[in-house]
Amino acid sequence: MKKYILACALSLCVPQVLHAADSVTAAPETSAPSTSNWALQITPYLWATGVKGKVSPFGVGPTVHVDRSFSEGRDGLNIAGFVNVWGRYERFVLSADMMYTDTSDEDTYRFPGTSQLPPFEATGKLNTRQFMATVQGGYRVLDTPTFTFDALAGIRLWHISNEITASGLGRSISYDESFGWVDPVVGARAFFNVTDRLSVQAQADIGGFDVNSDLTWSFLSTVNYTFTEHLSFSAGYKIVDTDYEKDGHVYDTRLSGPVLGVTYRF
Numbered sequence: 006m007k008k009y010i011l012a013c014a015l016s017l018c019v020p021q022v023l024h025a026a027d028s029v030t031a032a033p034e035t036s037a038p039s040t041s042n043w044a045l046q047i048t049p050y051l052w053a054t055g056v057k058g059k060v061s062p063f064g065v066g067p068t069v070h071v072d073r074s075f076s077e078g079r080d081g082l083n084i085a086g087f088v089n090v091w092g093r094y095e096r097f098v099l100s101a102d103m104m105y106t107d108t109s110d111e112d113t114y115r116f117p118g119t120s121q122l123p124p125f126e127a128t129g130k131l132n133t134r135q136f137m138a139t140v141q142g143g144y145r146v147l148d149t150p151t152f153t154f155d156a157l158a159g160i161r162l163w164h165i166s167n168e169i170t171a172s173g174l175g176r177s178i179s180y181d182e183s184f185g186w187v188d189p190v191v192g193a194r195a196f197f198n199v200t201d202r203l204s205v206q207a208q209a210d211i212g213g214f215d216v217n218s219d220l221t222w223s224f225l226s227t228v229n230y231t232f233t234e235h236l237s238f239s240a241g242y243k244i245v246d247t248d249y250e251k252d253g254h255v256y257d258t259r260l261s262g263p264v265l266g267v268t269y270r271f
C-alpha cells in the first residue's frame with residue numbers, strides 16, 4: 006500500500022494523478038418496546054473496522070487492492086466519529102447512522118540517482134476524508150412486549166475527499182479530488198427482549214440496484230444491556246459492503262469489525 010502511495014505522489018511531479026483510500030463505518034441501536042407514543046435515543050459508538058477490496062479514488066488512476074485490519078490502519082487514523090440516532094412515533098420509525106473518518110499515510114523512498122541526477126529522497130503523503138450517512142424511515146409491523154419488527158426504506162450517502170502531496174528535489178506539489186453518490190436502500194430491524202435488562206438486535210439493509218452502486222448492503226447485530234431507564238450498553242458486529250464504479254472512481258470494499266456503543270434514551 007505504501008509503495009502505491011509513493012508512486013502516486015511521485016507521479017504528481019510528472020504530473021499525473023493517482024491515489025488510494027482508507028475507510029472506516031455504522032452503529033448499534035438499542036430500544037426496548039414502549040407503551041409511550043414516542044421514543045428517541047442517541048448512540049455514539051466505536052467501530053474497530055478493517056477494510057478489504059479495491060479502490061481508485063481519482064478518476065484517472067489505477068485500481069489498488071486494499072486488505073487492512075483495524076490494528077494495521079489505526080496508526081494512520083487522525084480522527085473518527087460514529088453516531089446513530091433512532092426515533093419512533095407510535096408505529097412510525099426513523100433510523101439515521103453517520104460516520105466521519107480522516108486518515109493519512111506517508112512514505113519516503115531514496116532514489117539511487119543516475120549519471121545526470123544525484124541520489125535523492127522523495128516523500129508521498131496521502132490524506133483521505135470519508136463521510137457516510139444512512140437515513141431510513143419505516144413502519145413497525147410487529148409490536149409485542151418482548152419483540153418488535155420494523156420495515157425500513159431510505160438512502161445511503163457517501164462523500165470521499167482525497168489529497169496527495171509529493172515532495173522531492175526541493176519542490177512540493179499537491180492535488181485533491183472529491184466524489185460522492187447516493188444509493189436507495191430497503192431494510193428491516195428486529196429487537197428481542199431476553200430479560201428485563203438483556204436484549205438482542207439485528208438490523209440489515211440492501212440497495213444500490215445500479216442507481217449508483219451496483220450493490221450495497223449492511224448488517225448489524227448487537228447484544229444490549231440496560232443499566233438505567235436512560236442508559237444502556239451495546240456490543241456486536243457490523244458489516245458494510247459497497248460495490249461502486251463510475252467515471253473512473255472505484256470503491257468496491259467491505260468494512261467489517263466489532264462495535265461498542267453507549268445509548269442514551271430521552
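With our numbering applied, the sequence shown closes on residue 271, and no number is skipped along the way. For every residue, glycine included, the Cβ atom is placed at its ideal position computed from N, Cα and C.
- Per DSSP, Glu-182 is one residue of the beta strand (DSSP E) stretching across 176 to 198.
- Excluding residues up to 5 positions away in sequence, Lys-59, Val-60, Ser-61, Val-255 lie with their Cβ nearer than 8 Å to the Cβ of Thr-68 in the same chain.
- Rounded to whole angstroms, the gap between the alpha carbons of Asp-80 and Lys-57 is 17 Å.
- Under the three-state reduction of DSSP, Phe-75 is assigned to helix.
- The criterion of a C-beta distance shorter than 8 Å is not satisfied by Asp-201 and Thr-221.
- Distance from the CA of Gly-185 to the CA of Ile-244, rounded to the nearest whole angstrom, comes to 20 Å.
- Contact between the region 151 to 161 and the region 103 to 114 is not established, with fewer than three Cβ pairs separated by less than 8 Å.
- Taking a 10 Å sphere around the C-beta of Ile-84, we find fewer than 16 other C-beta atoms and assign the residue as exposed.
- Contact between the region 233 to 240 and the region 260 to 270 is present: three or more C-beta pairs spanning the two stretches fall below 8 Å.
- Within the DSSP secondary-structure output, Arg-270 pairs in a beta bridge with Gln-46.
- Thr-48 is not a Cβ neighbour of Val-98, given a cutoff of 8 Å.
- Here Ser-74 is exposed: its Cβ has fewer than 16 other Cβ atoms, across all protein chains shown, within 10 Å.
- Boundaries cannot be given for Arg-96, as no beta strand (DSSP E) includes it and DSSP labels it neither H nor E.
- In the structure shown, the three-state DSSP call for Asp-80 is helix.
- For Gly-55, the enclosing beta strand (DSSP E) begins and ends at 55 to 61.
- By the 16-neighbour rule on beta-carbons within 10 angstroms, Lys-251 is exposed.
- Around the CB of Arg-93, 16 or more other CB atoms lie within 10 Å, so the residue is classed as buried.
- DSSP places Asn-229 inside the beta strand (DSSP E), whose first and last residues are 220 to 231.
- Taking 8 Å as the cut-off, the beta carbon of Ile-211 is found closer than this to the beta carbon of Val-190.
- Excluding residues up to 5 positions away in sequence, Glu-111, Thr-170 lie with their Cβ nearer than 6 Å to the Cβ of Lys-130 in the same chain.
- For Phe-238, the enclosing beta strand (DSSP E) covers residues 236 to 251.
- Leaving aside the five residues that flank Thr-139 on each side, the residues in its chain whose CB is nearer than 6 Å to its CB run, in chain order, Asp-102, Arg-161.
- Using a 10 angstroms sphere on the CB of Trp-163, the tally of other CB atoms reaches 16 or more, which defines it as buried.
- Approximately 5 Å separates the beta-carbon atoms of Thr-108 and Thr-133; this is inside 8 Å, confirming the contact.
- The beta-carbon distance between Arg-194 and Ser-100, rounded to whole angstroms, is 7 Å. This is short enough to meet the 8 Å contact definition.
- With distances taken between CA atoms, Ala-44 lies nearest to Val-90 out of Val-65, Val-71, Val-90, Leu-51.
- Asn-229 has its alpha-carbon roughly 28 Å from the corresponding atom of Thr-258.
- Where Gly-212 is concerned, the enclosing beta strand (DSSP E) starts and stops at 203 to 212.
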